[in-house]
Every structure is written in structure tokens, then in C-alpha cells.
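2 protein chains.
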Amino acid sequence: MTRLIEELAKLPGIGGKSAQRLAFHIINMPTENAAALAEAITNAKKSIKLCPVCCSITDRDICSICDDPKRDSGVIMVVEDPRDMAAYERTREYRGRYHVLHGTISPINGIGPDKLKIKELLGRISSDVREIIIATNPNVEGEATAMYLSRLLKPLGVKVTRIASGVPIGGDLEYVDDVTLTKALEYRTEM
Amino acid sequence: MTRLIEELAKLPGIGGKSAQRLAFHIINMPTENAAALAEAITNAKKSIKLCPVCCSITDRDICSICDDPKRDSGVIMVVEDPRDMAAYERTREYRGRYHVLHGTISPINGIGPDKLKIKELLGRISSDVREIIIATNPNVEGEATAMYLSRLLKPLGVKVTRIASGVPIGGDLEYVDDVTLTKALEYRTEM
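Chain order of the listed sequences is A and B. Using my numbering, the first residue of the first sequence is number 5, and each one after it goes up by one. Using my numbering, the first residue of the second sequence is number 5, and each one after it goes up by one.
In C-alpha cells:
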């Protein structure tokens, strides 16, 4: 029982008390339900792997986006992790493909370019690829990674773009930080 | 005393209790300090007027920005109110001029284009003006006002731009709303 509570408490957002409540709930479950939960955990870990094309997580040989012939393979959006990819999929606006880096360049944390899926990205560049959209987060590491990738990709003759930083929709200029205001001005477009 | 509390409570962010506390503080002030406060209020209201050029508030004949020969008079940024202008001044990045609309087109609130300082903006368009940057807030009224101004200004042969909407600096794609993500993609720029 103590071990179960300890293991549950390691999950994000679950503290000691929540872990205890979950543990008691599991103890009171019918045996088959508890077995089903345990099996689901083991199987998920066993069957989930990285897509060999875009490096996103999948339980298939090739992920559903890379495998979809209707997605435009001429455009690749580079994201930090699968959650950012999921965020863009929710918008239902983007019809190209993705590439997941699994992190950003961060010398402080000892993460160099070799720890990211950059080799795999370079392997995907061909004459069919018209544009690489770099969609790393607009913070220090994300911008540094974007610059690094841009320098790497542009000599290969591919168009490299960066998603815009600016005032979020529904935002008020008065309450937006100075750097974002400056970026919104820099990224302005002709109407 | 009751009248003083009532008047103070009309100020934004000051409720009944705060008004009472302020009123008691004023009562206990030396007479000359109370007189100075009253005079400052009267004078501010008397001396503050709209700049005849950009329609911002000023206590001079022409506001300090319109009067500054070092500011680029070829670029005019159109904002909703003087607070948005102050926000862009804080960035110290923008070296052009401003035009303050004093609101946005909002049919629901009965605010039509004639209630805004649009006539004054049109009066400023000359061959010296290279660009009008529309910096209304990225919400429904702000976007509608931007579209209206764009249709009005473009036939005059002036370049009209819009500040970018996108992911704010330091923001995380995962937690940004769908419309902002879509705009960040739409406004992407070549690196």
C-alpha cells in the first residue's frame, strides 16, 4: 500500500493526499478493473514509440499525420514537443506536416543540438519541401533554437519561416509587455 | 462630508470604504494641502486639451511628440486611446508619430465612425506619409475599426499595415488559445 501511494505521488499534479485517495480507490476496485488499469499502463509504455518520420509519439508504425496522404508534405512545422503539435492540430487550420524536436537547445541544462531530433529533420529535407515553419516557443531557448535551425536549413535552399510573436487575440495593448509590443510592430503586415 | 465621499466614490477603483478613508484623510490635511489638491484637479481639467494634430491629450498647444522634429512624420500609428500610445512610448522602439481615435467603431454601443477622430486622421494624409500602422486592439471592435480604416485609407494611395497578433513573448504554445495560434501561423515571416 505504501509503495502504491509512493508511485502514484510521483505523477505530476498528484500530491501525497491525492495519491492516498487514489490508492484507497484502487484497493476497493474489483480485481479485474485494477488489472485492466495496470495492463493499460504497461501496454501504453510498451506500444508507444516515436514516429520514424516526424519523431512524434505514436502507437503505429508511422504516425497518423505522416501517414495521411491529404496532408501537404511540402510544409513542415517544427515544434518542441508533441503537446505543441496537439495545440496546432486543435486549431484545424494547419494542413502541413510536423517535426518534433523533443526539447530546445539549452546550454545551461546541458542540452546541445545533438540531443534534439535535428539530424532526423535534416534527413527529411528534399526538393519537395517548400517551407519549414519554426514554431518553437517565443522564449530565450525557443528563439535560440529557431536561429540555430534557420542557419542550418537556409544553406540547403529551403524557405525558413517563424510563427509571429504579437499581441494575443482579445489582448489589450495597454496590458501587454514591452517586448511583445515591439515584436507586434516588427511583424506588422500590409493590410 | 457625505458629498466629498460621494464624489470620490465615482473615481474608478475607489469603492465606498476607500472613498470614506480618503475623505477622512483630506479632512485631516492642512488647509493649504487640501487647497493644492483641489487646484490641481481644477487646473488639470482646465489646461488638458486634445492636440490639434494627433488628438492625444496634452497641456501644450501641440503635444510633445507632434512637436518633436526628430520623430519620423512619414509614419503614423493609429491607436484607440492615449494609454495605448503611452504603452508604445514605453518600448522606446517606435520613432514615428501617432493618431488617437478615442475609441473604436462599436455599433452595439452606438459608436459610429463619425464619433471617432477619423476626419482628423484623413486630414493628415499627404504625400509625406509613407505608412499608416493600425494598432487598435486585436478584439472584435478593434479588428472592425482596422478594416474600416484600411478601406478608407488604401484608395488614398498610402500603405496601411496592421500590428501582428501572435504568441506573446515568454508564452507557451501549449497554453495559447486556438485563434492566436492560427494568427501566429498566418503572420509568420521569413527568417
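Glycine is no exception: its CB is placed at the ideal position from the N, C-alpha and C atoms. Predicted model, so just to flag it, every value in this text is computed and none were measured.
Residue i, DSSP secondary structure in three states
i	result
A:Glu97	coil
B:Lys163	strand
B:Leu26	helix
A:Leu8	helix
B:Asp88	helix
A:Ile136	strand
B:Met33	coil
A:Lys14	coil
B:Thr193	strand
B:Thr149	helix
B:Ile115	strand
B:Ile122	helix
B:Leu54	strand
A:Lys82	It should be noted that the sequence gives Val, not Lys, for residue 82 of chain A. In this structure, A:Val82 counts as strand in the three-state DSSP scheme.
A:Ile2	In the structure displayed, chain A extends from 5 to 195; residue 2 of chain A sits before or after that span and is not available.
A:Ser77	strand
A:Val183	helix
A:Ser60	coil
B:Ile154	This sequence places Ser at residue 154 of chain B; Ile is not what is there. Residue state, collapsed to three classes: helix.
Presumed contact (8 Å Cβ cut-off) between residue i and residue j, rounded CB distance
i	j	result
B:His103	B:Cys59	6 Å
A:Thr186	A:Val171	Actually they do not touch by this definition, with Cβ atoms about 11 Å apart.
B:Ala150	B:Arg166	6 Å
B:Leu153	B:Ile129	At roughly 11 Å, the Cβ-Cβ gap does not stay under 8 Å, so B:Leu153 and B:Ile129 are not in contact.
B:Asp88	A:Leu177	4 Å
A:Tyr191	B:Tyr191	6 Å
B:Lys74	B:Thr62	With a Cβ gap of about 18 Å, B:Lys74 and B:Thr62 do not count as contacting.
A:Ser110	A:Glu135	Between A:Glu135 and A:Ser110 the Cβ distance is about 26 Å, and since that is not below 8 Å, they are no contact.
B:Leu198	B:Val82	Because chain B here runs from 5 to 195, residue 198 of chain B falls outside it and cannot be looked at.
A:Ile3	A:Ala38	No answer is possible for residue 3 of chain A: the residues shown for chain A start at 5 and end at 195.
Own chain partners of residue i with C-beta closer than 8 Å, once the 5 adjacent residues on each side are dropped
i	result
A:Val133	Ser77, Gly78, Val79, Ile80, Val162
A:Asp85	Val104, Leu105, His106, Gly107
B:Ile18	Leu12, Leu26
A:Leu120	Leu105, His106, Gly107, Thr108, Ile109, Thr149
B:Arg122	The amino acid occupying residue 122 of chain B in the given sequence is Ile; Arg does not appear at that position. For B:Ile122, where only same-chain residues beyond five positions count, the Cβ hits under 8 Å are Leu105, Leu153, Leu156.
B:Gly20	Ile9, Ala13
B:Ile115	Gly107, Thr108, Ile109
Contact set for residue i: own chain, Cβ-Cβ below 7 Å, skip 5 residues either direction
i	result
B:Ala27	Met5, Leu8, Ile9, Leu12
B:Pro117	Ile109, Tyr152
Exposure of residue i, with buried meaning 16 or more beta-carbon neighbours within 10 Å
i	result
A:Glu194	exposed
A:Tyr179	exposed
A:Thr35	exposed
B:Gly100	buried
B:Ala91	buried
A:Leu15	exposed
A:Gly175	buried
A:Leu160	exposed
A:Ile112	exposed
Any non-hydrogen atom of the ligand SAH closer than 8 Å to residue i Cβ
i	result
B:Gly116	With respect to the ligand SAH, the structure offers nothing, as it holds no ligand at all.
Cut-off 6 Å between Cβ atoms - residues of its own chain near residue i, not counting five sequence neighbours on either side
i	result
A:Ser169	Pro142, Lys187
B:Arg64	none
A:Lys158	Val164
A:Gln24	Ile9
Short CB-CB distance (under 9 Å) between residue i and chain C
i	result
B:Gly175	Of the chains in the structure shown, none is chain C; the protein chains are A and B.
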